[in-house]
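Protein chains in written order, with my numbering: chain A, 5 to 420; chain B, 35 to 145. Heads up, the beta-carbon is just placed ideally off N, CA and C, and yes, glycines get one too. Predicted model only: the values in this text are computed from it and were never measured. The structure under discussion appears below in the form of structure tokens.
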Amino acid sequence: MNDRHADRFTVRPKFLAWLALAIALPILAHATWDYVEARRLRARVDAIAAKGEPTSIDQVRPLRNLTDADREAARLYRAAAALASDWNRNSYVPLAPPRNILYSAPQNWSSAQREEADRLVSSNSDVLNLIDRATAIEFSGFPPGTDYSYRFAEVWQLEQLASLRTRLLAVDRRDTAVTSVHVQLLLLQAIDREYPNTFSWFMETIAQDLALVIGHVRPTAPALASFSTVLEALDRDDRVKRTLLTYRAETLNNGSPSLARGRPSRLMIPWEAMRRPYDLHTVNAVADMQAQHVAYADLPWPQRLDAFRDVDLGPFGELKDVRAMQLYASAMAVRQEARNAALLRTARIAIAIERARVSNAAPEIPKLIDPYSGEPMRVKSDDQSYTVYSVGSNGRDDGGHARLDVTFRPVPSTNP
Amino acid sequence: MNDEDLERKLRRFRIVRPPERLRVAVVDRGSGPAVPASAWMPTAAALIAAAVLYWLSAYERAAVRFSVDQTPVVRAVNVELVARSLGGGRQSLLVAKIAVLLDEPKQETTR
């Protein structure tokens with residue numbers, strides 16, 4: 005018995021030494037990985053900053069001193085939004101009749117829809133008045149400092165209301181429809197400065213309303229000139245790059261819990277410390293991918309679009325990988341921007357044609373490139389009107405088909 | 035029974051010396067299979083290296099955080115500005131800190 009005790013006593017220290025080493029080695033591996041990923045991230049952030057690109061959401065939307073005009077416009081937008089917050093209670097079920105007025109052509113409205121549109125516009129005249137006053141002010145943005153602001157959603161609601169007014173006035177062939185659609189364009193400009201990635205939400209409606217107004221009301225030369233100025237300012241080639249730079253700044257800000265702002269104490273959350281190298285690795289991988297996307301955004305159309313052609317934008321299904329989601333977001337931004345550019349350019353060409361018609365001169369059509377094909381935009385005339393169009397996402401000329409191509413067709417009035 | 039008899043009887047029960055193997059294990063450990071201090075060196079080195087790497091990683095992350103989150107920098111500038119406009123001093127600094135924190139825009143993910 006004494007011998008057995010003696011054996012156990014002499015073996016234990018050696019076993020403990022090996023056990024301690026077996027525990028220490030994974031810790032060393034974890035620390036090495038943690039350091040390597042943190043070092044890579046710092047090098048990446050330094051390289052981004054050296055290029056003058058934003059590494060922080062604060063740089064995308066910097067804290068700045070608002071002008072008196074900004075404050076006044078923001079105040080009016082807020083007041084309009086507060087008054088309008090309940091204007092379209094059923095907007096969450098937009099296809100439910102008879103309130104689907106926003107999603108159907110006003111020429112095809114039933115009498116019930118027309119009645120509803122009249123009621124909504126007249127009961128919100130104060131709101132529309134505030135919108136008119138706000139858009140008349142040179143506005144550079146809402147008070148900054150938030151990553152996402154509900155104010156944007158409110159402005160979107162205001163745009164819908166302004167769109168409804170434009171449609172009503174246009175089908176009645178009232179000249180004030182021109183002013184109303186101009187207000188919509190100015191709202192779009194305000195949004196473009198703040199949230200370029202949401203530009204497409206507005207652009208689609210505004211292009212339709214503009215076509216309706218041009219076809220029904222026939223704006224004067226000064227009105228067309230002002231449309232042209234706003235559309236030309238909006239037809240910026242850097243919108244998609246700004247969007248992608250914002251996405252990357254968001255990744256760097258919030259991609260890893262160990263980097264996210266507002267964390268009280270990282271040491272208090274052991275699980276986060278444990279998974280930190282993997283988090284940092286993911287941030288590095290996503291930032292690498294986004295750097296590639298930013299480089300794609302510098303390519304001309306349609307190569308910019310081709311770079312994302314193979315990305316599947318179908319439903320996610322079970323795929324919840326951060327990289328896949330960011331790839332989806334970038335591809336979606338580029339495709340939406342292609343459509344925005346196509347809509348803006350078709351509208352610009354249509355306005356150039358209208359200006360020539362009003363002044364009885366030969367049209368000087370601006371040489372604008374179709375983002376989907378890289379070729380000039382196309383124009384097709386018929387007995388009733390004309391269609392300016394881009395070949396659309398299928399890259400095929402479908403002769404100005406309303407759905408297969410991206411079209412701008414001044415809607416002729418059926419009434420004499 | 036005299037002392038000698040007593041001593042003779044007690045000697046029958048007295049342990050003169052422990053068994054040799056036990057004695058070696060207890061008294062003379064140096065000559066047995068015990069682990070030398072150097073066996074702990076790799077573990078110690080690994081732990082020290084890990085601690086240094088964690089420290090370096092924290093340094094790198096702090097540098098990154100400084101670049102990607104400039105809220106503390108902006109806040110410090112604002113606090114100084116407000117404190118100066120309040121006349122300076124400890125009390126002004128205290129009030130300025132509270133005023134700046136209250137004035138900061140908050141996250142507005144919900145209404």
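Cβ of residue i within 9 Å of any chain B Cβ
i, result
"V49(A)", "yes"
"S144(A)", "no"
"I31(A)", "yes"
"K18(A)", "yes"
"Y39(A)", "yes"
"A100(A)", "The predicted model places A100(A) with a pLDDT of 39, which falls under 50 and marks its position as unreliable; any figure quoted below should be read in that light. Chain B contact via Cβ: absent."
"S184(A)", "no"
"S25(A)", "For clarity, residue 25(A) is Leu in the given sequence; the question names Ser instead. Answer yes: the Cβ-Cβ gap between L25(A) and chain B drops below 9 Å somewhere."
"R36(A)", "It should be pointed out that residue 36(A) corresponds to Thr in this sequence rather than to Arg. Closer than 9 Å to some Cβ of chain B, the Cβ of T36(A) qualifies, so yes."
"A42(A)", "yes"
"L172(A)", "no"
"D62(A)", "yes"
"T59(A)", "yes"
"L303(A)", "no"
Contact with chain A by residue i, beta-carbon distance below 9 Å
i, result
"R118(B)", "no"
"V134(B)", "no"
"D103(B)", "yes"
"N95(B)", "Just to set this straight, residue 95(B) is Arg in the shown sequence, not Asn. Yes, R95(B) lies at the interface with chain A (some Cβ there is under 9 Å from its Cβ)."
"A73(B)", "yes"
"L81(B)", "yes"
"L115(B)", "no"
"S91(B)", "yes"
"A85(B)", "yes"
"V108(B)", "yes"
"R42(B)", "no"
"V129(B)", "no"
Local Cβ density within 10 Å of residue i, reported as buried at 16 or more and exposed below that
i, result
"K245(A)", "buried"
"R313(A)", "exposed"
"W275(A)", "exposed"
"M278(A)", "exposed"
"T381(A)", "At residue 381(A) the sequence reads Met, which differs from the Thr that was named. Buried is the call here."
"R361(A)", "exposed"
"V86(B)", "exposed"
"S95(A)", "Confidence at S95(A) is low in this model, with a pLDDT of 49, below 50, so the placement of that residue is unreliable and no value is reported for it."
"L70(B)", "Note that residue 70(B) corresponds to Pro in the displayed sequence, not to Leu. By the 10 Å Cβ count, P70(B) comes out exposed."
"R99(B)", "buried"
"D418(A)", "Residue 418(A) is actually Thr in this sequence, not Asp. With fewer than 16 Cβ atoms within 10 Å of its Cβ, T418(A) is classed as exposed."
"Q330(A)", "buried"
"L192(A)", "buried"
"R199(A)", "One point to set straight first is that residue 199(A) is Tyr, not Arg, in the sequence displayed. Buried is the call here."
"W113(A)", "buried"
"E254(A)", "buried"
Span separating the alpha-carbon of residue i from that of residue j
i, j, result
"L372(A)", "I31(A)", "60 Å"
"A301(A)", "V338(A)", "8 Å"
"K378(A)", "P370(A)", "Here the sequence assigns Gly to residue 378(A), which means Lys is not the residue at that position. Going by the C-alpha atoms only, they are around 15 Å apart."
"R123(A)", "V326(A)", "46 Å"
"A33(A)", "L25(A)", "12 Å"
"G122(B)", "A133(B)", "14 Å"
"G149(A)", "E114(B)", "Its pLDDT being 48, under 50, G149(A) is placed unreliably by the model, and nothing is read from it."
"V182(A)", "A225(A)", "11 Å"
"H285(A)", "L168(A)", "49 Å"
"W37(A)", "E54(B)", "52 Å"
"Q161(A)", "R171(A)", "16 Å"
"L106(A)", "R118(A)", "11 Å"
"L317(A)", "A311(A)", "14 Å"
"E208(A)", "V298(A)", "25 Å"
"A83(B)", "D283(A)", "22 Å"
"Q388(A)", "L134(A)", "37 Å"
"P219(A)", "R197(A)", "In the sequence under discussion, the amino acid at residue 219(A) is Gly, which differs from the Pro named in the question. One C-alpha to the other measures close to 29 Å."
"D213(A)", "V185(A)", "7 Å"
Taking contact to mean at least 3 C-beta pairs separated by less than 8 Å, is the stretch 39 to 55 of chain B in contact with the stretch 400 to 411 of chain A? Fewer than three pairs of CB atoms, one per stretch, sit closer than 8 Å, so the stretch 39 to 55 of chain B makes no contact with the stretch 400 to 411 of chain A.
Could I get the ranges of all uninterrupted alpha helix (DSSP H) runs contained in the stretch 161 to 212 of chain A, with 4 residues as the minimum, in chain order? 180 to 198
Taking only runs of the alpha helix (DSSP H) that begin and end inside the stretch 82 to 134 of chain B, which ones reach a length of at least 4 residues, in chain order? Here the runs fully enclosed are 105 to 119.
The stretch 235 to 249 of chain A contacting the stretch 39 to 48 of chain A, beta-carbon criterion three pairs below 8 Å: no
Under 8 Å: do the stretch 137 to 148 of chain A and the stretch 78 to 86 of chain A share three or more Cβ pairs, one atom per stretch? The stretch 137 to 148 of chain A is in contact with the stretch 78 to 86 of chain A.
Flag this pair as touching only if the stretch 198 to 210 of chain A and the stretch 331 to 348 of chain A have three or more C-beta atom pairs under 8 Å; answer yes or no. In the pairwise beta carbon analysis, the stretch 198 to 210 of chain A is classified as touching the stretch 331 to 348 of chain A: at least three pairs are separated by under 8 Å.
Counting only runs that start and end within the stretch 8 to 83 of chain A, where is the alpha helix (DSSP H) found for 4 or more residues in a row? 61 to 64
Could you tell me which whole alpha helix (DSSP H) segments of length 4 or greater appear in the stretch 294 to 328 of chain A? 307 to 310
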